[in-house]
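Student: Numbering (this note's numbering), first residue to last: 74 to 268. Built from N, CA and C at the ideal position, the CB exists for glycine as well. No experiment lies behind these values; they were computed from the predicted model shown. Below you'll find the structure I mean.
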Ligand SMILES: [Zn+2]
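In structure tokens form, the structure reads like this:
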């Protein structure tokens with residue numbers, strides 16, 4: 074745990090500190106960390122998985138510490154695209170998924186409503202594939218509103234998405250100068266971005 078302490082987002086470090094300080098002294102529900110709180114924190118951790126654009130190391134993107142440098146190469150990381158939902162925020166990195174629970178808070182973590190895939194034409198960029206049975210109404214910034222049918226993919230860029238049960242907002246850097254360099258560098262040594 075000590076070796077990996079810095080890799081974890083602040084909310085999880087704070088929870089550990091509480092669990093092993095006041096949580097040990099005060100066994101009441103007010104003092105100790107309940108199972109539900111741990112579960113929520115681990116779900117949030119799962120939604121924070123990201124990749125460093127400079128060295129491709131897996132990392133957790135911490136919305137509480139957006140300027141934290143990469144734990145591996147120590148370079149500052151550009152904020153990844155995020156899907157902000159009423160009760161959670163998901164880092165849109167390849168393999169991330171939106172579950173029924175994200176949209177309905179119904180504890181159904183198995184039903185996948187959307188999944189993040191690599192963009193087929195833009196290295197380093199991602200798309201969101203509609204894996205739900207219903208169409209989404211999307212309003213990309215500066216573009217006309219559109220629909221994304223079941224099975225279709227949507228290029229990730231700033232927009233709102235009406236999923237049906239709830240609406241999410243995609244926050245993404247509108248300009249990604251590094252985007253063509255990001256892909257395929259998994260084995261390259263970290264290098265300082267040119268700009
Ligand atoms: Zn890095």
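So for residue 131, helix, strand or coil by DSSP?
Tutor: Counted from its first residue, the chain shown places residue 131 at position 58. DSSP places residue 131 in strand when its eight states are reduced to three.
Student: Could you tell me which residues DSSP pairs with residue 190 in its beta bridges?
Tutor: By 1-based counting over the chain shown, the position of residue 190 is 117. Answer is 200, bridged to residue 190.
Student: Sort out for me which residues DSSP pairs residue 240 with in a bridge.
Tutor: Residue 240 sits at position 167 when you count from the first residue of the chain shown. DSSP lists 235 as partners of residue 240.
Student: Would the region 157-177 and the region 194-201 be scored as touching if the rule is three or more Cβ pairs under 8 angstroms?
Tutor: Flag = yes, the region 157-177 and the region 194-201 touch.
Student: Give me the pocket residues for ligand 1, defined as CB within less than 5 angstroms of any heavy atom, sorted by chain position.
Tutor: Selection output, chain order preserved: 125, 127, 128, 130, 143, 145 and 146.
Student: Taking DSSP's pairing of strands, which residues face residue 213 in a bridge?
Tutor: Taking the chain shown and counting its residues from 1, the one referred to as residue 213 is at position 140. Answer by DSSP bridge pairing, in chain order: 232.
Student: Does DSSP classify residue 106 as helix, strand or coil?
Tutor: Here residue 106 corresponds to residue number 33 of the chain shown, with the count starting at 1. It is coil, neither helix nor strand.
Student: Taking all protein chains shown into account, decide if residue 154 is buried (16 or more other Cβ within 10 angstroms of its Cβ) or exposed.
Tutor: The sequence position of residue 154 within the chain shown is 81, counting from 1. Residue 154 is buried by the Cβ-count criterion.
Student: I'd like to know if the region 233-249 and the region 146-164 are in contact, where contact means that at least 3 CB-CB pairs between them fall below 8 angstroms.
Tutor: The answer is yes - the region 146-164 touches the region 233-249, with three or more Cβ pairs under 8 angstroms.
Student: Are the C-beta atoms of residue 136 and some chain C residue less than 7 angstroms apart?
Tutor: This model lacks chain C altogether; it includes just one protein chain.
Student: For residue 98 and residue 104, I'd like the C-alpha separation in whole angstroms.
Tutor: Indexing the chain shown from 1 puts residue 98 at position 25. Indexing the chain shown from 1 puts residue 104 at position 31. So the two alpha carbons sit approximately 8 angstroms from each other.
Student: So the candidates are 106, 81 and 84; which of them puts its Cα closest to the Cα of residue 93?
Tutor: In the chain shown, counting from the first residue as 1, residue 93 sits at position 20. Answer by Cα proximity: 106.
Student: Using a 10 Å radius around the Cβ and a threshold of 16 neighbouring Cβ atoms, would you call residue 203 buried or exposed?
Tutor: Stepping through the chain shown from its first residue, residue 203 is reached at position 130. Residue 203 is buried by the Cβ-count criterion.
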